[in-house]
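Residue numbers (my numbering): 147 to 541.
We put the CB at the ideal spot given by N, CA and C, even for glycine.
The next block holds one structure in the form of structure tokens; read it before the comments.
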Ligand SMILES: Cc1ncc(COP(=O)(O)O)c(C=O)c1O
């Protein structure tokens, strides 16, 4: 039986209620939402607006129509970054970022002439808000921070960074891909301007749906144009929300699944789910750190963490450990750079092709964790001797 420890990639399985609701809703009312006045169309449109409200409530967004649906957080982050930045701007981010932030920022630097800086994190895995504020310039328009690292799991002090940004009128964006649904997010109370989220991780929706929350007053342009279903006579894309950043038919099936996933989460309790995951990851951390030859990264103190950890086994490439976990132990994990090359460069793990990541979800049990610890113990016990160095003259 597969032990799934790759929940940071996508949560799996999903709650049964999510599968059931997607099937029922799409069979019964899977029409184009909000485009016409017949009953099914109104019902489909209502689900979209209910989901907007549900998510706005979850993120402390006062204006639900400022929640834009997108395909996933990558799409949402692109909408935000290219909707905000202009030639000559300065943007600050961190080395904790996912390529969903790094690459759009690099494109903005190369293609728009935006200056971009990536601030390193400390040895404990956290960025220091003052390190970010120390780089503010008169032309700094954006600070973009990964709320929780998808590699080392540290939850960043985004409210403190947000406060510093707010004092300077700089837009503060968080990538909440790993935290939405797990770590409380209150856009207003935490001084955030933009929150980008994905539906298929800890919101327990399907893939292909995510979004962007925009605090009232954030100056953002649309970067695409198309149908909105309303005011069709307008020759250009509408500026009003929610249409400003939404283009074409929304992913209704995805919205239905996201609605059911979030409803399930709220019934179970965000805190309960997070606590359970932290109990499991603590057990895993304790087990792995007792194994000779295993190196863990930034896992000494698990306060302000999510249920994600990375490690390496001496003498093995991360990918080999992943293959052994899969083939010999039926454990699913993720190896490599985890789309976070700057982080691995800073950890010194880039040159050894990354690390092995295990990440838990609400359907994992202590038995899964114990099996993973025993599997890594077995792999570490059989580790290859370090390659002996052959003098150049004998090669
Ligand atoms: C921190 C972070 N940002 C962005 C993403 C991209 O999410 P998606 O593939 O849903 O766009 C991920 C997903 O792995 C992530 O962990």
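Three-way DSSP call (helix, strand, coil) for residue i in this model
i	result
residue 389	helix
residue 336	coil
residue 321	strand
residue 458	strand
residue 396	coil
residue 486	coil
residue 359	strand
residue 521	helix
residue 496	coil
residue 294	strand
residue 254	helix
residue 310	helix
residue 353	coil
residue 173	helix
residue 476	coil
residue 443	coil
residue 541	Interpretation of residue 541 is limited by its pLDDT of 49, a score under 50 that renders its predicted location unreliable; the figure taken from the coordinates is listed afterwards. Coil, per DSSP.
For residue j and residue i, the rounded distance between their alpha carbons
i	j	result
residue 514	residue 327	23 Å
residue 150	residue 477	6 Å
residue 315	residue 306	14 Å
residue 258	residue 225	15 Å
residue 147	residue 239	41 Å
residue 97	residue 398	Outside the shown range of the chain, which is 147 to 541, sits residue 97, and nothing can be said about it.
residue 184	residue 494	59 Å
residue 189	residue 511	39 Å
residue 335	residue 211	19 Å
residue 359	residue 274	25 Å
residue 471	residue 230	43 Å
residue 394	residue 215	11 Å
residue 202	residue 405	12 Å
residue 424	residue 416	12 Å
residue 541	residue 317	Model confidence at residue 541 stands at a pLDDT of 49, short of 50, so the residue's coordinates are unreliable; what they give is reported in the following sentence. Taking the straight line from one Cα to the other gives about 57 Å.
residue 261	residue 176	45 Å
residue 170	residue 438	51 Å
Residue i beta carbon near ligand 2 (any heavy atom closer than 8 Å)
i	result
residue 187	As presented, the structure is devoid of ligand 2, carrying ligand 1 as its sole ligands.
Review point. If you pair each beta-carbon of the stretch 492-507 with each one of the stretch 178-190, do three or more pairs fall below 8 Å?
Key: In the pairwise beta carbon analysis, the stretch 492-507 is classified as not touching the stretch 178-190: fewer than three pairs are separated by under 8 Å.
Review point. Okay, do the stretch 273-289 and the stretch 215-224 touch, 3+ Cβ pairs below 8 Å being the bar?
Key: Three or more beta-carbon pairs separated by less than 8 Å are not found between the stretch 273-289 and the stretch 215-224, which leaves the two stretches without contact.
**Study point:** Runs of alpha helix (DSSP H) wholly within the stretch 178-217 (minimum 4 residues, chain order)
**Key:** Fully enclosed alpha helix (DSSP H) runs of no fewer than 4 residues occupy 185-205 of the stretch 178-217, in order along the chain.
Check your understanding: Counting pairs of beta carbons, one from the stretch 291-311 and one from the stretch 451-458, are three or more of them closer than 8 Å?
Key -> Output reads yes: the stretch 451-458 touches the stretch 291-311.
Exercise for review: Decide yes or no for the touch test of the stretch 409-424 against the stretch 160-173: beta carbon pairs closer than 8 Å, at least 3 of them.
Suggested key: Yes, the stretch 409-424 is in contact with the stretch 160-173.
Review point. Can at least three beta-carbon pairs, one atom from the stretch 246-255 and one from the stretch 380-398, be found at a separation below 8 Å?
Key: Touching, no, given that fewer than three Cβ pairs across the two stretches are closer than 8 Å.
Check your understanding: So, do the stretch 243-251 and the stretch 480-493 have three or more beta carbon pairs nearer to each other than 8 Å?
Key -> Under the Cβ criterion (8 Å, minimum of three pairs), the stretch 243-251 counts as touching the stretch 480-493.
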